[in-house]
Amino acid sequence: MNISPSKIISLLFFVFSGFYLYYAFQIQVFTFDEDAAFNAKTFPIYLGYAGLFFSGLYIVLPETKPSNVDLTVLDYKKTITLVILMILYGLTILRAGYFLSTSIFLVLSYIALGERKWIWIFLLSFPFVAVFMYLLHGLLNIYLRDPFLKYIGIMG
Amino acid sequence: MIEGILIGLETALSFKNLMMVMIGCFAGTIIGMLPGLGPMTAIALMIPITYGFEPSTGLILMAGVYYGAVFGGSTSSILINAPGIPGTVATSFDGYPMAQQGKAGKALAIAAYSSFAGGTIAAIFLLIAAPSLSKVSLAFRSPDYFGLMILGLTAVSAFSAKGHFLKAMMMVVLGLMLASVGQDTLSDIPRFTFQNMNLSDGISFVLVVMATFAMSEALTIIFKANDPTRVAKQISLSQLGSIKLDKTETKKMITTIPRSSVLGFIIGVLPGAGSTIASFLAYGMERNFVNDEEKQKFGKGSVNGLSAPETANNAACSGSFVPLLTLGIPGSGTTAVMLGALLGFGIQPGPRLYQTNPEIFWSVIMSMYIGMVILLILNLPLIPYIARVLATPRTFLIPLILFFSVTGIYLMSFNNFDIYMMIGIAVVATVLRLYDFPMPPLILAFVLGGLMEENLRRSLLISDGSFSFLWDRPLTLIIMLTILAIVGWQIYKAFIKKPVV
Chain A
1 MNISPSKIIS LLFFVFSGFY LYYAFQIQVF TFDEDAAFNA KTFPIYLGYA
51 GLFFSGLYIV LPETKPSNVD LTVLDYKKTI TLVILMILYG LTILRAGYFL
101 STSIFLVLSY IALGERKWIW IFLLSFPFVA VFMYLLHGLL NIYLRDPFLK
151 YIGIMG
Chain B
157 MIEGILIGLE TALSFKNLMM VMIGCFAGTI IGMLPGLGPM TAIALMIPIT
207 YGFEPSTGLI LMAGVYYGAV FGGSTSSILI NAPGIPGTVA TSFDGYPMAQ
257 QGKAGKALAI AAYSSFAGGT IAAIFLLIAA PSLSKVSLAF RSPDYFGLMI
307 LGLTAVSAFS AKGHFLKAMM MVVLGLMLAS VGQDTLSDIP RFTFQNMNLS
357 DGISFVLVVM ATFAMSEALT IIFKANDPTR VAKQISLSQL GSIKLDKTET
407 KKMITTIPRS SVLGFIIGVL PGAGSTIASF LAYGMERNFV NDEEKQKFGK
457 GSVNGLSAPE TANNAACSGS FVPLLTLGIP GSGTTAVMLG ALLGFGIQPG
507 PRLYQTNPEI FWSVIMSMYI GMVILLILNL PLIPYIARVL ATPRTFLIPL
557 ILFFSVTGIY LMSFNNFDIY MMIGIAVVAT VLRLYDFPMP PLILAFVLGG
607 LMEENLRRSL LISDGSFSFL WDRPLTLIIM LTILAIVGWQ IYKAFIKKPV
657 V
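Chains A and B are the protein sequences, given in the same order.
Under my numbering, think of the first position of the first sequence as 1, with each following residue one higher.
Under my numbering, think of the first position of the second sequence as 157, with each following residue one higher.
This is the structure we're talking about:
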């Protein structure tokens, strides 16, 4: 028997809604609010039931318009590389600073996607980020933490 | 009133104030295009600058920034499917597919004309009926708001996900669930935070919208790069197309703009409703008005589908000034920031504002219209240059979209927990999109979650826990019957009209 991916996603959502409902019941409310017509857990409880209802319906009812996806043509390698690069970007942004981490993320992403025009790769990373930072930090006065630029004395 | 209008016109047309509107529109457009910086941030950034000016000049500058930022938000919605603010999410439904078909210039032109027309019509309404409209806005009660929000969510689920109503409803629930994370607004009780401080303030809108739209779109393009059915899409991304509209397109806009303006303005007048609900409802309403052939084009680059939300969100922007100026109640987050600025000037908005400070009341209204004209003059010639963003090769564009998305959220929180959460949501959204689980219902539900809970809370407390509030008032009853009709129609279409063997 074949189960469509949409039904599997709905089943996962059904389980997720079950957990959500369980945690909704665990929300601690003030004693005087316990029997109130509405307290902090009322809306989440309704949402948990709604999630179970809609996902349950999708699992039970026949699919009127199944989604056909050819999994063999998807580019997993590049997509996963980009996701890993983003995670590393998030990991370094606070430690290495905005300028360095963003520029390196951009350079590596361009290369990962197959770009080999080195001049453009350079221009659209380090100088581009510098201009963008000037716009945010210099003109709009939005604070950007950057230990690296602070260390080399460019940023206060 | 004529005297007031003349005073307003004189103030708004002074050289200094005209310059302020121009600077405001230009700065607003640029800021609105940047990820994570919507009209609210743009106006907030202007507050320190405006304190050096007279109140009317300061407010005129802020009105210019407001409209500029709304248009800037539409630009990023259309070009890279990254709506920076909730009000432009509906714009991306048809604007982005249009850009993918090589009609980016045309999509931006439609957005500019519709915004202008919507804003103009709304400014006229505002001019004529501002004081008396405040009474209408007070007629709406919590049950009506609650009903209106369910109507908006049901309509978007029905119209944005053709044939996938149940999937859309699951996305609505997921959006509301995400919105429920964080401290309860009334009691401050933490919900679903799992003792993590980063979750105590809830999940930010920019995070969810960037993850589900911009980031997941970028990942989907790479994921499906080898899909033969996507080749045409990739090629057309580099085409700009003409910004000139033909007769058929103009005709479509002429029928769409008046009704969307009226709807947008009315929704804008209601305190708390704002441009998001207006744009979604206008999109849904427009789909009902057009013929079957045009209906099929919705979500695939329809002129009506782009024009309606753009008109309505700008009309709602003008409408939201009614409760602000006449009642002192901000109709949206942005006007709430403006209320703060007004109070900073020592002005208390309310029913007496247009008697005590007529030059402020009327000059803001007049400058809105002048702002519209200037926005159109400034932006139309710039469209070919703005749209060139799409000519950027995919190998550069995708990393830049990801960079803008991460920057957008980093600027708001300055921590990497939010970046990880955004990546996680983007990956899940990419898989969901692959199997036709629509994202617009999730976003709308996320935006409305807090307001919906607040109105349900009030309604239930007033009716002592009984759900009779859903049919007690005629207005609520009409809204609920409309919702039932939409749901009934979806069931009929799915299981009765086309039975599955």
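Glycine included, C-beta positions come from ideal geometry on N, C-alpha and C.
Owing to the predicted nature of the structure, the values given are computational and were not obtained by experimental measurement.
- Interface residue (Cβ-Cβ distance to chain A less than 8 Å): LEU309 of chain B is not classified as such.
- Annotated three-state conformation of ARG297 of chain B is coil, per DSSP.
- By the rule that beta-carbons nearer than 8 Å mark a contact, TYR566 of chain B touches chain A.
- Here GLN339 of chain B carries a strand assignment [DSSP, helix/strand/coil].
- For secondary structure counted as the alpha helix (DSSP H) over 4 or more consecutive residues, the stretch 34 to 79 of chain A holds these complete runs in sequence order: 42 to 60.
- LEU47 of chain A and SER4 of chain A have their alpha carbons spaced roughly 25 Å apart.
- Look at LYS65 of chain A: its C-beta is under 8 Å from a C-beta on chain B.
- The stretch 554 to 596 of chain B contains, as complete alpha helix (DSSP H) runs of 4+ residues, the segments 572 to 590 (chain order).
- Rounded to whole angstroms, PHE14 of chain A and PHE421 of chain B show a C-alpha spacing of 39 Å.
- Contacts with chain A at 8 Å (Cβ-Cβ) do not include LYS451 of chain B.
- Using a CB distance below 9 Å, the part of the stretch 27 to 48 of chain A facing chain B consists of ILE27, GLN28, VAL29, PHE30, ASP33, ALA36, ALA37, PHE38, ASN39, ALA40, LYS41, THR42, PHE43, PRO44, TYR46, LEU47, GLY48, ordered along the chain.
- If one requires a minimum length of 4 residues, the alpha helix (DSSP H) runs lying completely within the stretch 74 to 154 of chain A are 76 to 92, 98 to 112, 118 to 123, 126 to 133, 147 to 151, in chain order.
- At a cut-off of 8 Å, the C-beta of LYS259 of chain B has no neighbouring C-beta in chain A.
- Relative to ALA265 of chain B, the option among B:GLY228, B:ILE284, B:LEU283, B:PHE281 whose CA is nearest is B:GLY228.
- The C-alpha of ALA260 of chain B lies about 11 Å from the C-alpha of LYS400 of chain B.
- With respect to the C-alpha of ALA267 of chain B, the residue from B:SER463, B:ALA641, B:GLY160 having the closest C-alpha is B:SER463.
- Spatial neighbours of VAL312 of chain B in its own chain (CB-CB distance under 7 Å, excluding positions within 5 residues in sequence) are listed in chain order as PHE436, GLY440, PRO596, PRO597, LEU600.
- Cβ contact annotation for TYR301 of chain B (same chain, cutoff 6 Å, sequence separation greater than five): ASN611, in chain order.
- Using a Cβ distance threshold of 8 Å, GLY424 of chain B and GLY461 of chain B do not count as a contacting pair.
- Per the C-alpha coordinates, the member of B:LEU637, B:ARG614, B:THR586 positioned closest to LEU74 of chain A is B:THR586.
- Interface annotation, ASP75 of chain A: in contact with chain B, CB-CB separation under 8 Å.
- Within chain A, no C-beta atom comes nearer than 7 Å to that of LEU355 of chain B; the closest sits roughly 13 Å away.
- Taking the Cα of ILE179 of chain B as reference, the smallest distance to any Cα among B:GLY527, B:GLU450, B:LEU556 is reached at B:GLY527.
- For GLU449 of chain B, the number of other beta carbons within 10 angstroms of its own is below 16, and it is reported as exposed.
- Secondary-structure assignment with DSSP links PRO346 of chain B through a beta bridge to B:GLN339.
- At least 8 Å separates the CB of PRO127 of chain A from every CB of chain B.
- Contact annotation: in the stretch 533 to 558 of chain B, residues whose CB is within less than 8 Å of a CB in chain A are PRO549, ARG550, THR551, PHE552, ILE554, PRO555, LEU556, LEU558.
- Assigned with DSSP and collapsed to three states, VAL478 of chain B falls in helix.
- Distance between LEU11 of chain A and GLY18 of chain A, taken at the CA atoms: about 11 Å.
- Across the stretch 143 to 156 of chain A, CB contacts with chain B closer than 9 Å involve TYR143, LEU144, ARG145, in sequence order along the chain.
- Cα atoms of ASN447 of chain B and PHE454 of chain B: separation of roughly 11 Å, rounded to the nearest angstrom.
- Beyond the five residues adjoining it in sequence on each side, TYR20 of chain A comes within less than 8 Å, by CB distance, of PRO44, LEU47, GLY48, GLY51 in the same chain, given in chain order.
- Remark: three or more beta-carbon pairs, one from each stretch, lie closer than 8 Å, so the stretch 218 to 238 of chain B and the stretch 555 to 569 of chain B are flagged as touching.
- Taking a cut-off of 8 Å on C-beta distances, the stretch 610 to 628 of chain B does not touch the stretch 343 to 363 of chain B, as fewer than three cross pairs fall below it.
- For LEU375 of chain B, the residues of chain A that pass the 9 Å Cβ criterion are THR79, LEU82, VAL83, in the order they occur in the chain.
- Within the stretch 583 to 600 of chain B, the residues whose Cβ lies closer than 9 Å to some Cβ of chain A are VAL583, THR586, VAL587, LEU588, LEU590, TYR591, ASP592, PHE593, listed in chain order.
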